[in-house]
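Some notes on the structure that comes next.
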């Protein structure tokens, strides 16, 4: 898929990876419908690319929000690329989360993504070639303490992407699942940043992630995992999970130390 030929719908466009994707898509010549909850974060980009970037503010967890997005997509005059990059994260042990925080993560990261994808599939099917991109996480393949609910949402998103890819295999629609490793975005709490620093975890810039995603789109790939050590641990976790269990157990004291927060409300 060539970027100048893309008519793209991008969710989570005001976030770190989403904003970087919006900028690089526009720079590559694509037409972009940017979906976000905070449209003002895209003001500077809209001024630079007034003919390429359209914006819509919407709550994807609501039916009316998703309907507004689908209607805006129809107005593009055809849609051949959807990038689901909207998401939320909470670094905390499961017992430190309340029901609202759990519902928010599962609702946006998984349920809203599945529902919006279902609504947009008819538009993608109208094209000779189209691509759906789901931005997941390395934590969609490795269960990590302090991220149990987040992992649940991303494991499910990975399975959804794989199953949907097989559902549409006899159509012109492809599905790309992207698994970034730790990335420097505002989604990371101060506690998460402190833990990553203590563990000496490598973190990518959102611009790096976006560039790799666009390369995968152009190359028509079906999966993209970022970070060599992380890719190795994904393989290791699949083959010998007990080895990974032992390695991660050593990190538990630090994880518990940094995950402290107020009691569930």
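Numbering (the UniProt record's numbering), first residue to last: 1 to 265. The beta carbon of each residue, even a glycine, is placed where N, CA and C say it ideally should be.
For secondary structure counted as the beta strand (DSSP E) over 3 or more consecutive residues, the segment 12 to 72 holds these complete runs in sequence order: 31 to 36 and 53 to 57. Nearest C-alpha to residue 171 among 132, 113 and 105: 132.
Pairing residue 147 with residue 91, the inter-Cα distance amounts to about 6 Å. Residue 19 and residue 83 do not touch by the CB rule: their CB atoms are close to 12 Å apart, not below 8 Å. When the five nearest sequence neighbours on each side are left out, the beta carbons in the same chain lying within less than 7 Å of the beta carbon of residue 233 are those of 142 and 244, in order along the chain. Sorting 15, 45, 151 and 3 by C-alpha distance to the C-alpha of residue 28 places 3 at the top. In this structure, 56 is the residue among 56, 52 and 51 with its C-alpha nearest to the C-alpha of residue 41.
222 is the residue among 222, 149 and 22 whose C-alpha sits nearest the C-alpha of residue 179. Close CB contacts of residue 157 within its chain, under the 7 Å cut and outside five residues either way in sequence, are with 109, 110, 113, 134, 136 and 140 (chain order).
When 102, 95 and 16 are compared, the shortest CA-CA separation from residue 209 is found for 16.
With fewer than 16 other beta carbons inside 10 angstroms of its own, residue 64 counts as exposed.
In the three-state DSSP reduction, residue 195 falls in the helix class (H, G or I). Around residue 101, the same chain offers 90 as residues with beta carbons nearer than 7 Å, after the five sequence neighbours per side are excluded.
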